[in-house]
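If you read the protein sequences in the order shown, they are chains A, B, C, D, E and F. So the first sequence is numbered by our numbering: it starts at 1 and just counts up by one. So the second sequence is numbered by our numbering: it starts at 1001 and just counts up by one. So the third sequence is numbered by our numbering: it starts at 2001 and just counts up by one. So the fourth sequence is numbered by our numbering: it starts at 3001 and just counts up by one. So the fifth sequence is numbered by our numbering: it starts at 4001 and just counts up by one. So the sixth sequence is numbered by our numbering: it starts at 5001 and just counts up by one. Beta carbons: idealized from backbone N, C-alpha and C, even for Gly.
Protein chains: 6
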Amino acid sequence: MFDRFFEEYQIGETWTSRARTITESDLVLFSAFSGDWYPLHTDKEWAAQSVFGQRIAHGMLVLSVGTGLTRMDPGVIVAFYGIDSVRFTSPTFIGDTLHVELEIFDKVDKGKAGLVTVKSRLCKQTGEVAVASTLRVLVHKSESTDTPTTAPLATP
Amino acid sequence: MFDRFFEEYQIGETWTSRARTITESDLVLFSAFSGDWYPLHTDKEWAAQSVFGQRIAHGMLVLSVGTGLTRMDPGVIVAFYGIDSVRFTSPTFIGDTLHVELEIFDKVDKGKAGLVTVKSRLCKQTGEVAVASTLRVLVHKSESTDTPTTAPLATP
Amino acid sequence: MFDRFFEEYQIGETWTSRARTITESDLVLFSAFSGDWYPLHTDKEWAAQSVFGQRIAHGMLVLSVGTGLTRMDPGVIVAFYGIDSVRFTSPTFIGDTLHVELEIFDKVDKGKAGLVTVKSRLCKQTGEVAVASTLRVLVHKSESTDTPTTAPLATP
Amino acid sequence: MFDRFFEEYQIGETWTSRARTITESDLVLFSAFSGDWYPLHTDKEWAAQSVFGQRIAHGMLVLSVGTGLTRMDPGVIVAFYGIDSVRFTSPTFIGDTLHVELEIFDKVDKGKAGLVTVKSRLCKQTGEVAVASTLRVLVHKSESTDTPTTAPLATP
Amino acid sequence: MFDRFFEEYQIGETWTSRARTITESDLVLFSAFSGDWYPLHTDKEWAAQSVFGQRIAHGMLVLSVGTGLTRMDPGVIVAFYGIDSVRFTSPTFIGDTLHVELEIFDKVDKGKAGLVTVKSRLCKQTGEVAVASTLRVLVHKSESTDTPTTAPLATP
Amino acid sequence: MFDRFFEEYQIGETWTSRARTITESDLVLFSAFSGDWYPLHTDKEWAAQSVFGQRIAHGMLVLSVGTGLTRMDPGVIVAFYGIDSVRFTSPTFIGDTLHVELEIFDKVDKGKAGLVTVKSRLCKQTGEVAVASTLRVLVHKSESTDTPTTAPLATP
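See the structure below:
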């Protein structure tokens, strides 16, 4: 998706990624990396007693996988400005296969760069949305690409 | 922080976590897990030409580390409802040491459970804020803890 | 467990951890990290011919998981002095869920710090003990906590 | 070392392994796998204030690496019976290179198999001992090798 | 590169990938995954005595990284047929940054699919070639893409 | 296999390794490390529609595992010269168990070292060959072992 300069995005455009199956190994690897061993993700017995009846993936695991599924060409992105309205809408179970659906929602000229607002949905093989969020990404304008990353980060 | 039932949280309370140094190994591991090999995180030569002058950690890496630094006792959390207003405010470099500062911002009784809104800041050893965000977490009320996880997830 | 100063431990006190399911992924990750690819842990066909009839977790994997399940607050522990009488008493299979049970067995004042002896048992969801051992840990006394780690390591 | 049947070991025999450098990446990987993020291993700032002046490797990391450095031929070992007198005698820093020195200390005929007691020392490039311990391993006798693993595990 | 059907490749076409810095962490991770702990890759002291004067990356690590740097669109590749003439021509040190240069060398119509022969060079930031090889990949023809993977693998 | 000096190899000699089961975790780990997330290896739904009917291991994963299964004694190998005629002859599925069969095919005296050509086959528990290749390895002669690695790498 992030394969073009600011001028080239059209509001309403959509893009769909390849997919990736979330395995038991992914739950272990993400627990290990993040240090979040909450039993709903890592204790089979405990999770069996929960409302889900089984282990579910960490919300942040799903968001992280989403960034890897999104195409980002070097030299296009200035900075990852922020994320809004992240909602974990349905659980991701071991064996679910996720892909990303993006839609250009808004674009604002910021002078040397442009702020692109994208609606992102991580969807399962069933069509259900696992996580919905709104990404805000600063992208280069066509005339400003001599330096790979030039803009300051967001102010909180 | 998430070590108590809904009734016990006080608006304005704060909590500070232990810290973790972000290493070159963390950047490699997160690139590998997420599949996000954007050169600003993984190509030393490219990053040296960027405005940062060096590789920086993925925003989602920093957010993920934050969840592992936060204390979450089994049986307290109903569901991770969502995140709002994530802003990447300063870059995390290799060798920076991050900790989490949380503040209870709001609490709303939702009947069988309660929605706690927490301002979260991931801070560096210098005091700078790397990422600021607002977490929304459903927590159990003291009378409802017989089932570990009982509430539905958020609707987007 | 290691959340208090030397004076506060009572001989006979017990503590139980959260649990973690040992997955096939854990066996692969520990083989990889340690470099111990003994076929009883990594070769499904070979293990099927063994007395266990299937792959079992490395003894050291189980011990290592035990340290992560144990609560250790920064500023309490001076040094991990040693371990005695480690006995691998029943095999941990893929899918078993382990927790730690600790009991304060002895405490000896060593002047500036105190030596706490703890009986540790890594137990399965069935109640069986997977590994039993005796840990010896030097912990701070309440008046000596200004420096995080102050005592020399053990002499063999 | 564990490349022969019970009858072939001589008390007093010694064996030296290849070596492996312990990197910052190893500390991150072991923290992640074990879940032990104690700041002495993972927080550069905190460790700088400790008596060691820097991060040190987890004791269990060093023990685990030791098992991978030890040669264990399939079909020789019946079971890893236990470990005694583990003493962490000097810290392992990032960049230290460890090898294993083993010495056959005792052997006892147990009927269908034999119990071999081995003194193990994990040594640094400087010659210092990082960890000393006593391993107890059940090994096959030459006539009993038709089944890969035949003996029960230890009773605690 | 593998983003088009058989008919669309032109002999002599070239393609250059993004780059990735090979870190100490990569050497540890690949040693762990592959089980190849040869001291030239993993023992800093031993490697310092070698003709290279330091640790070097595994040849297979470099080849593996090359596959990840190459763009492969789903639905284009039928099968990875084989590799010829792999030559490790200069060592990859910790800190070197690698990219892939591909050149279409030959294409042969195989009926339902086509065999594309590609000269691949993994190059360092200095321009030196780390590994040269010849890849043989079966790719779909434009009329045959309804099934994602349809051809048998190579016969040796 | 690479446990002797050049003079000691006999053309026609064979050697068989221990075996390792390829797990779902291995596919995830290798996708992550290499960056090759081609859906035939990582998307369960996509792979189910392929001619294989399920996910298969990366060819380079299998080759990499082969190097770890091969015994290589420090001080024997001068350099990994190259690989020829790699052919991926049958798919490796999750749960397959691989071992290496090597045969000394040729040896050429190169003055200070010798070039040993080895036919390598990675075989499954069924006896099928997963990958066949020809390895070219420079090994020390018995009189030249004072320096661990002395010869230049191959010229392409």
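Going by Cα to Cα distance, which pick from the options is closest to residue i?
{"i": "residue 3139/D", "options": "3114/D, 3097/D and 3039/D", "result": "3114/D"}
{"i": "residue 2107/C", "options": "2118/C, 2130/C, 2087/C and 2061/C", "result": "2118/C"}
{"i": "residue 1070/B", "options": "36/A, 131/A and 109/A", "result": "36/A"}
{"i": "residue 3068/D", "options": "2116/C, 2060/C and 2073/C", "result": "2060/C"}
{"i": "residue 1121/B", "options": "1100/B, 1005/B and 1109/B", "result": "1100/B"}
{"i": "residue 111/A", "options": "103/A, 88/A, 105/A and 142/A", "result": "142/A"}
{"i": "residue 14/A", "options": "4/A, 65/A, 103/A and 116/A", "result": "103/A"}
{"i": "residue 2073/C", "options": "1051/B, 1017/B, 1080/B and 1043/B", "result": "1017/B"}
{"i": "residue 5075/F", "options": "4082/E, 4050/E and 4075/E", "result": "4050/E"}
{"i": "residue 1020/B", "options": "3080/D, 3062/D, 3045/D and 3116/D", "result": "3045/D"}
Can you tell me where the alpha helix (DSSP H) with residue i in it begins and where it stops?
{"i": "residue 44/A", "result": "44-48"}
{"i": "residue 4142/E", "result": "Element bounds for residue 4142/E: n/a, residue is neither H nor E."}
{"i": "residue 1024/B", "result": "1024-1034"}
In this structure, what does DSSP give as the bridge partners for residue i?
{"i": "residue 1114/B", "result": "1109/B and 1139/B"}
{"i": "residue 4072/E", "result": "4002/E"}
{"i": "residue 4134/E", "result": "4084/E and 4119/E"}
{"i": "residue 1056/B", "result": "1093/B"}
{"i": "residue 3040/D", "result": "Residue 3040/D is not bridged to any residue."}
{"i": "residue 5104/F", "result": "5118/F"}
{"i": "residue 2098/C", "result": "2020/C and 2124/C"}
{"i": "residue 3129/D", "result": "3123/D"}
Which residue comes first and which comes last in the beta strand (DSSP E) that contains residue i?
{"i": "residue 5079/F", "result": "5077-5088"}
{"i": "residue 1016/B", "result": "1014-1021"}
Using a Cβ-Cβ cut-off of 7 angstroms (strictly less than) and excluding sequence neighbours within five positions of residue i, which residues of its own chain qualify?
{"i": "residue 4085/E", "result": "4133 and 4134"}
{"i": "residue 2094/C", "result": "2022, 2023, 2024, 2027 and 2055"}
{"i": "residue 2001/C", "result": "2015, 2070, 2071 and 2102"}
{"i": "residue 1043/B", "result": "none"}
{"i": "residue 5009/F", "result": "5104, 5107 and 5116"}
{"i": "residue 3080/D", "result": "3137"}
For residue i, count neighbouring C-beta atoms within 10 Å of its own C-beta (all shown protein chains included) and say buried if the count is 16 or more, exposed if not.
{"i": "residue 2011/C", "result": "exposed"}
{"i": "residue 7/A", "result": "exposed"}
{"i": "residue 90/A", "result": "buried"}
{"i": "residue 5053/F", "result": "exposed"}
{"i": "residue 1047/B", "result": "buried"}
{"i": "residue 3003/D", "result": "exposed"}
{"i": "residue 1109/B", "result": "exposed"}
Whose C-beta lies closer than 8 angstroms to the C-beta of residue i among residues of the same chain, with five residues either side of it excluded?
{"i": "residue 2058/C", "result": "2027, 2030, 2031, 2034, 2036, 2038 and 2041"}
{"i": "residue 3147/D", "result": "Any reading at residue 3147/D is ruled out, since the residue's pLDDT is 47, under 50, leaving its predicted position unreliable."}
{"i": "residue 1124/B", "result": "1090, 1092, 1096, 1097, 1098 and 1130"}
{"i": "residue 5062/F", "result": "5022, 5088, 5092, 5098, 5122, 5130 and 5131"}
{"i": "residue 4105/E", "result": "4011, 4117, 4118, 4119 and 4134"}
{"i": "residue 1064/B", "result": "1030"}
Here's a check: name, in chain order, each residue in its chain whose Cβ is nearer than 6 angstroms to the Cβ of residue i, leaving out the five neighbours to either side.
{"i": "residue 2156/C", "result": "Its pLDDT being 35, under 50, residue 2156/C is placed unreliably in this model, and the value from its coordinates should be taken loosely. Here the set comprises nothing."}
{"i": "residue 3128/D", "result": "3090"}
{"i": "residue 1066/B", "result": "1100 and 1122"}
Quick check: is the beta carbon of residue i nearer than 8 angstroms to any beta carbon in chain G?
{"i": "residue 1079/B", "result": "This model lacks chain G altogether; the protein chains it does include are A, B, C, D, E and F."}
Does the ligand PLP have even one heavy atom less than 7 angstroms from the beta-carbon of residue i?
{"i": "residue 7/A", "result": "For the structure depicted, the ligand PLP is absent and the ligand set is empty, with no information on it obtainable."}
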